[in-house]
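In my numbering, the protein residues as written are 1 to 329. Each residue gets a CB set at the ideal place from its N, CA and C atoms; glycine is no exception.
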C-alpha cells in the first residue's frame with residue numbers, strides 16, 4: 001500500500017498532477033479476468049448517462065449485472081445505448097436529481113415499491129462548478145451534489161433495506177472520490193454546507209474539500225458496520241484524470257483550454273472506469289472493506305479520513321443539516 005500526502009490548492013497544480021498520473025502509470029496487480037462476472041447482481045450507478053458513469057455502467061452490464069442507471073437526463077436513450085453496447089437487456093433507468101433531497105427520497109421509495117435489492121452501489125455522480133453556486137435548498141451546490149446527496153441516499157437505502165448488510169455476498173458500496181480530497185482545508189462545522197463565496201480559482205480546493213467529506217463518510221460507514229461483523233464492503237477511488245464532461249460548468253474562458261488538455265493527456269472514461277469495475281467484480285475484494293484505489297494503485301487516503309472524531313462529527317453534522325432541511329433520517 002502506497003502512502004500519499006500531496007495536497008492541491010489550485011486548478012493548475014491539480015491538472016498537472018492528473019497529467020503526470022496518466023503519462024507515467026504504475027504497474028498494478030489489480031487485474032480482472034474475463035470470468036470475473038456479476039451475473040444476476042443488481043447494480044445501481046448514479047450519474048451514469050454520460051462520461052465515467054456511462055462507461056462504468058456499460059462495463060458492468062457486459063459482466064452480467066442488472067443495471068439501474070440513476071440519472072436526471074438521457075432517459076431512455078442512454079439506457080438503450082448501453083443495452084446495445086453490452087448485449088445485456090437488463091438495463092433500466094430511474095430519474096433522480098441529486099441536488100434535491102425530495103428527488104432522492106422519491107427514488108428510494110420507488111425502488112422499495114419495486115422490491116429492489118441492490119448488491120453493488122456505485123456513487124459516481126459529481127460536478128465541478130464555475131464558482132460558488134446555491135442549490136434550491138440553500139446549500140452550496142457542489143456540497144449538495146458531491147457529498148450530502150450520497151450521505152442521504154446511502155442511509156435511506158440502508159434504512160429501507162434496499163441494501164441489506166446481512167446478504168451474502170456482501171453488498172459493495174463504491175464511492176468515486178478524488179485525489180484532491182488531500183486538500184489542506186479545515187472542516188468548519190459552523191458553516192457546514194452553507195454557501196461560501198469562492199471564485200473559479202478556488203473551485204478545486206472546495207471540490208477537494210467536499211470529496212474529503214465523502215471519504216470521511218466512507219470510512220465512518222465502514223467503522224460502524226465493521227463493528228457489526230463487517231457486513232458491508234466500502235470502497236473509495238480516484239479514477240485519475242479523465243476526459244469527461246464533469247467540467248461542463250467550469251468558467252467559459254477555461255473550457256477550450258481544459259478541453260484541449262483533457263483530450264491530449266487525460267484518460268478516456270472507459271479506461272478511467274477500471275478501479276470502479278475492479279471493486280465491483282473482483283473476487284479478491286469479497287470480504288474486504290475500507291480500501292482506496294488511486295487509478296489502480298492501492299493507497300492510504302488522507303490522514304483526516306481516518307480520524308474517528310472527524311467521522312463522528314461529519315456524520316452528526318450531516319444528520320443535523322438534513323433535519324434542519326426537513327428531511328431527517
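Proximity winner among the options, relative to residue i (alpha-carbon distances)
i	options	result
residue 97	152, 83, 40 and 112	152
residue 308	208, 213 and 115	213
residue 116	150, 108 and 36	108
residue 137	121, 100, 284 and 129	100
residue 32	311, 301, 83 and 280	280
residue 178	187, 124 and 27	124
residue 275	303, 238, 267 and 126	238
residue 191	35, 30 and 320	320
residue 200	266, 133 and 304	133
residue 296	271, 289 and 40	271
residue 208	149, 225, 164 and 302	302
residue 300	87, 165, 167 and 216	216
residue 36	27, 59 and 49	59
residue 219	278, 288 and 169	288
residue 88	70, 69 and 62	62
residue 150	175, 171 and 189	175
residue 131	202, 318 and 119	202
residue 34	278, 119, 310 and 294	278
residue 322	30, 188, 27 and 144	144
residue 30	311, 83, 329 and 294	294
residue 273	171, 223 and 236	236
residue 129	85, 180, 204 and 41	204
residue 311	56, 223 and 75	223
residue 167	304, 41 and 329	41
residue 180	329, 28 and 304	304
Close beta carbons around residue i, own chain, < 6 Å, minus the five adjacent residues each side
i	result
residue 72	97
residue 324	none
residue 10	Annotation note: pLDDT 49 at residue 10 (below 50); position unreliable, no value reported.
residue 194	none
residue 139	193
residue 315	220
residue 54	48
residue 43	60, 65, 67 and 120
residue 189	317
residue 337	This structure gives no information on residue 337, because the portion of the chain shown stretches from 1 to 329.
residue 169	286
residue 313	none
The beta strand (DSSP E) enclosing residue i, as first and last residue numbers
i	result
residue 232	Element bounds for residue 232: n/a, residue is neither H nor E.
residue 277	Per DSSP, residue 277 belongs to no beta strand (DSSP E); it is in the alpha helix (DSSP H), 274-281.
residue 66	66-71
residue 298	297-299
Nonlocal neighbours in the same chain, by C-beta distance under 7 Å from residue i, ignoring five residues either side
i	result
residue 90	66 and 67
residue 206	142 and 198
residue 110	94
residue 147	210, 213 and 214
residue 112	160 and 162
residue 225	165, 231 and 232
residue 306	219
residue 290	219, 222 and 234
residue 135	99, 141 and 144
Spatial neighbours of residue i in its chain, beta-carbon cut-off 8 Å, leaving aside the 5 residues before and after
i	result
residue 327	101, 102, 105 and 152
residue 221	154, 173, 232 and 234
residue 38	60, 63, 64, 65, 119, 120, 280 and 281
residue 283	36
Bounding residues of the alpha helix (DSSP H) (the contiguous stretch that carries residue i)
i	result
residue 209	203-226
residue 312	308-324
residue 158	149-159
residue 80	77-86
residue 52	51-62
Per DSSP, cross-strand counterpart(s) of residue i
i	result
residue 175	123 and 236
residue 188	Paired residues: none, contrary to the question.
residue 102	Per DSSP, none; premise fails for residue 102.
residue 28	Its beta-bridge partners do not exist; DSSP assigns none.
residue 95	71
residue 46	70
residue 292	236 and 299
residue 134	140
residue 242	267
Residue i beta carbon near the ligand FMN (any heavy atom closer than 8 Å)
i	result
residue 200	Among the components modelled here there is no ligand, and therefore nothing to report on the ligand FMN.
Minimum Cβ-Cβ distance from residue i to chain D less than 9 Å
i	result
residue 314	Given the protein chain composition of this structure (a single chain), no chain D is represented.
### Query
Does the pairing of the stretch 77-87 with the stretch 98-110 give three or more beta-carbon distances under 8 Å?
With the cut-off at 8 Å, the stretch 77-87 and the stretch 98-110 do not touch.
### Task
Inspect the CB distances between the stretch 153-160 and the stretch 180-189 and report whether three or more fall short of 8 Å.
Contact between the stretch 153-160 and the stretch 180-189 is absent, because fewer than three Cβ pairs lie under 8 Å.
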